[in-house]
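Down below is the structure, laid out as structure tokens.
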Amino acid sequence: MADVAVHTPPADGHDDHAHGHTTSTGLSNNKLAMWMFLGSECLLFGGLISTYMLYRGRHEGSPTPSQLYNIPLTSISSFVLLMSSLTMVLAVSAAQRRDDRNTMTWLTVTALLGATFVGAQVFEFTEFVHEGLGFTTNLFGSSFFTLTGFHGVHVTVGIIMLMALVGMVSRSRIPGDKAEVVEMIGLYWHFVDIVWIIIFTLVYLIPS
Amino acid sequence: MAISERNSVPALAGSGSAYVTPSTSFGVFKRPVESTGWRSWVFTVDHKKLGIMYGVVAMTFFVIGGVEALLIRLQLAAPNNKVLSAGAYNQMFTMHATTMVFLFVMPMAAAFANYLVPLQIGARDVAFPRLNAFGFWCFLFGGIFLNTSWFLGGAADSGWFAYAPNTALAFSPSHGVDFWALGLQITGIASLTGAINLIVTVLNMRAPGMSLMKMPIFTWMVLVVQFLLLFAIPVITVALFLLSFQRNFGAAFFSVEKGADPLLWQHLFWIFGHPEVYILVLPSFGIVSEVLPVFSKKPLFGYKFVVFSGAAIGFLGWGVWAHHMFASGLGPVSVAVFSVATMAIALPTGVKIVNWTMTLWGGKLRFTTAMLFAVGLIIEFTIGGLSGVTHAVAPSDTQQTDTYYIVAHFHYVLFGGAVFGLFAGFYYWWPKMFAKMLNERLGKWNFWLMVLGMNLTFGPMHILGLQGQPRRMQVWTEFRAGQGFFNLAFWNRVASVGSFVLAIGVLMFLINVIYTYRTAPVAPADPWDARSLEWMTSSPPAEHNFDAIPTVHELDEFFHRKYEENEATGEIHQVSTYEEIMADEATRADKHIHLPSPSYWPIILAVGLPIVAYGLIFARLLAVFGGVVILLAMFGWSMEPSVADESDYDPPVDGGPTKELATLG
């Protein structure tokens, strides 16, 4: 990404532009932009969640939500996703200490935890299809798969970004401030986590 | 990282080599470095070039949308007319609205915002120059994608708000609606990235001393609009995804026969759609709020009120969407709430009208074309605003829903409001952007033909609508046209004649552009005796905008540098000229201004999107290919520093500034 700055390059020539310049808000351009994007994403998930809440009772021709949901399994996968936020924090912290090795380790662990979550979701989707709830079976199916699918895609995009980040850190191919890039991916990752907390509560825990 | 000013001269200076090879460090390709020719436009990240490109493309779509409108009016010019078949007519009004809203007014506002916001806040570019270029290409490719549907089985024919079940496969079997849904997703990406970019630019990159309440009013209105876009675009994104899933993957989100609730679409669409109308009109409000003070030689009356009423419109705009749905049976409580909210939003709008009028009051008015359009906006928009208040009264709205009365209303607010504002902006900022004054005589023709044309076209629609002529009616018959003053045949003919007057008015503008491009002398740098920072640059502004970033002390900084008030008498007298101020700024000029560098990645990334969209419609394999293009472009982009490497620049001569990229590679 980019920001516009008036700055003096540090002595080592490393283009460390996130520090040493002022913006009107004090927040770097990159970070402010990420916050704005996440604000926009809230409305995206807001729309999808509303659609699901409207249609969750319309499950003609398929098992009901309470028959389908495997709460213990989803609880475990939710826990795994929440733990990935912890490892993400550790990655950011390592990046801020300029500790590349630990940064890469924790990013990889975060990606693996995320992949575990997506794997559980794929398993869950397959189970649902076997039990008679497909994407087109009824409105409940369509809106359930759309909502959780969109979230799953967000996690998957996050995993791709994490792995790309590992690769780029290992080859020192990140232009600009490494710690800030890691932190930005972290913001995205935490956001996706928080959205899952809302989805898990509204979709799985509150009976329809 | 985009613009950096380096205080130390790089070690390159002593290398003695005159030719520099642009490095491939980090990037995959060598960077584009051309500063002339088509490459300097296609790979540019300069906000001014992108602004002009937005403007040219939007103007082209304006002409296309205008031709569509003329075809509609031709069809309605005579009874039992056969200019357009029913199917073609449906496509025509759908694409007319879609083009005008998404491909003309929004991008034209983006053109002004892109060009002017960095200049008005004293910045050298936007926060994310490559993202800015990406947004433009998304808009262009999205617009082209939408319009190719005409040749690939027919355009969307469901009306611009695409209510279910009109969009269902059974009622719209062509690919038109698919093109529409995917095309708007692509232009939506342009709006979203543009919104994030401009918000960060305005919040983070203002010149020293420019607090939010010293910001030019146009920039303020742009900021409000970007927040509206930021939160409105994801909602239409959801709606369009659901629609695509229904049409392509067999879901039933809006199929009543499968138990769905068609109101879901209406809610999602209008939660986007009502903020959208403010997205369309607020930039024009900003433009006239700049134009009126300059040509009245007075500060904007109640600047803070105009700012806060703009922000209030931005907030209230989220609470009125259901007034588009009064006729859909929402129940009395909802109707009452949205009815009151809608009346409430007339207040901040009225505040603006009062402020503009008071700005004119007692001013030394100069009726240039820009001023005429601004005053025209006040009058025509007020007419549209008043008919809008009649929609807020739900019982009256039930009578008006889906009639030509609605068509009359929104053309008064969107043509008389948004479009007049944009034209005021053309005439006002043309000398800034192109160093040529648009011809005033042709300008007057342009204005008066447009005023006459729009009132002839849209005025009679009030009568037609209240007489019950339904919106989107393809054909009328003499037999059912009625008698006397309310004869529908007569008023339809008037509207059709008016639309051609209007078209000639717009044509005058295009003639004016070509005529002045060929003949007009170079315009003075401050032809209007303007007030805000963008005029404190050369015309057109240098690539780096400002030699020295100005320090701001006042609202209307440029005016306050030129004039001082005698405290005893209250008289204003000139203390400085443009030339003196510029010479003073030049003494503080920054050295070593490194601008953001051109890049291939924005256009490559953007071109992947329509490939995916065509693929989704015609061949999934193509979509996979497009996806690969997008993914690779993302990697290329993220590994490329935004500013070229030091070695990409020509070595500085005699320790002087290094402002140019090496042109030899």
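These protein sequence lines are chains A and B, in that order. Residue numbers are given in our numbering: position 176 of the first sequence equals residue 193, and the series is strictly consecutive. Residue numbers are given in our numbering: position 539 of the second sequence equals residue 529, and the series is strictly consecutive. Heads up, the beta-carbon is just placed ideally off N, CA and C, and yes, glycines get one too.
Cβ neighbours of residue i in the same chain (closer than 7 Å, five flanking residues each side left out)
i	result
B:PHE16	Caution applies to B:PHE16, whose pLDDT of 49 falls short of 50 and renders its modelled position unreliable; the model cannot decide the point.
B:PRO517	PRO421 and MET427
B:VAL491	LEU439, LEU442, GLY443 and LEU446
B:GLY178	ILE223, ILE226 and THR227
B:ILE176	CYS128, PHE131, GLY132, PHE135, LEU599, PRO600 and ALA603
Euclidean distance between Cα positions of residue i and residue j
i	j	result
B:ARG114	B:PHE536	7 Å
B:PHE396	B:TYR402	Note on identity: in this sequence residue 396 of chain B is Ile, with Phe being the wrong assignment. Their Cα atoms are separated by approximately 10 Å.
B:ALA197	B:HIS534	14 Å
B:ILE373	B:PHE400	10 Å
A:PRO82	B:PHE231	23 Å
B:ALA241	A:GLU197	41 Å
B:THR506	A:ALA128	60 Å
A:LEU103	A:GLU200	13 Å
B:CYS128	B:GLN473	51 Å
A:GLY184	A:ARG118	12 Å
A:VAL243	B:ALA59	It is not possible to answer for residue 243 of chain A, since the shown part of chain A is limited to 18 through 225.
B:MET498	B:LEU355	24 Å
A:PHE62	A:ILE191	30 Å
A:SER45	A:MET51	10 Å
B:ASP387	B:ASN238	36 Å
B:GLU570	A:THR39	30 Å
A:TYR5	B:ALA117	Beyond the ends of chain A as shown, which are 18 and 225, falls residue 5 of chain A; an answer cannot be given.
A:VAL170	A:ILE66	15 Å
Enclosing alpha helix (DSSP H) for residue i [first to last residue]
i	result
B:ILE562	Where B:ILE562 is concerned, there is no enclosing alpha helix (DSSP H), although the beta strand (DSSP E) it sits in stretches over 562 to 564.
B:GLU667	Nothing about residue 667 of chain B can be read from this structure; chain B reaches only from -9 to 655.
B:TRP255	253 to 286
B:THR380	359 to 382
A:GLY131	117 to 148
B:ARG120	119 to 138
B:TRP351	Here B:TRP351 belongs to no alpha helix (DSSP H), and DSSP marks it neither H nor E.
B:GLN216	207 to 239
A:GLY56	46 to 72
Residue i, DSSP secondary structure in three states
i	result
B:ILE583	strand
B:VAL512	strand
B:ALA532	strand
B:THR393	strand
A:GLU200	helix
B:GLU24	coil
B:GLU554	strand
B:PRO600	helix
B:PRO460	strand
B:TYR505	helix
B:TYR293	helix
B:ASP519	coil
B:MET85	helix
B:THR34	coil
B:ARG196	coil
B:SER162	coil
B:THR11	For B:THR11, the predicted structure reports a pLDDT of 46, less than 50, and the residue's modelled location is therefore unreliable. The matter cannot be settled from this model.
B:PHE608	helix
B:VAL542	coil
A:HIS76	coil
Start and end residues, beta strand (DSSP E) containing residue i
i	result
B:TYR418	Premise fails: B:TYR418 lies in the alpha helix (DSSP H), 410 to 424, not in any beta strand (DSSP E).
Neighbourhood of residue i by C-beta distance below 6 Å, restricted to the same chain and skipping five residues each side
i	result
A:PHE162	PHE152
B:SER670	Since the first residue of chain B shown is -9 and the last is 655, residue 670 of chain B is not available in this structure.
B:PRO206	GLN110 and SER522
B:LEU93	PHE51 and GLY133
Chain-order list of residues whose beta-carbon lies under 8 Å from that of residue i (same chain, five-residue window excluded)
i	result
B:PHE217	ALA185, ILE189 and GLY304
Margin query: Does the contact criterion of 3 or more C-beta pairs under 8 Å hold for the region 500 to 507 of chain B versus the region 420 to 437 of chain B?
Written below: yes
Item checked: Validate contact between the region 245 to 259 of chain B and the region 135 to 146 of chain B using beta carbons, cut 8 Å, 3 pairs -> no
Check: Using 8 Å as the threshold, is the region 548 to 557 of chain B in touch with the region 447 to 457 of chain B, meaning 3 or more CB pairs across them?
Finding: no
Check: Given 8 Å as the limit, is there contact between the region 255 to 271 of chain B and the region 172 to 183 of chain A, that is, 3 or more CB pairs closer than that?
Finding: no
Note to self: Does the region 278 to 294 of chain B come into contact with the region 312 to 324 of chain B, if we say contact requires no fewer than three beta-carbon pairs (one atom in each stretch) closer than 8 Å?
What the structure shows: no
Next item on the list: Kindly confirm or deny that the region 95 to 110 of chain B and the region 206 to 216 of chain B touch, where touching means at least three C-beta pairs closer than 8 Å.
Entry: yes
Notebook entry, point to check: Is there contact between the region 32 to 45 of chain B and the region 77 to 89 of chain B, where contact requires at least three CB pairs shorter than 8 Å?
Noted result: no
Notebook entry, point to check: Taking three-plus beta-carbon pairs below 8 Å as touching, is the region 342 to 359 of chain B in contact with the region 273 to 287 of chain B?
Noted result: yes
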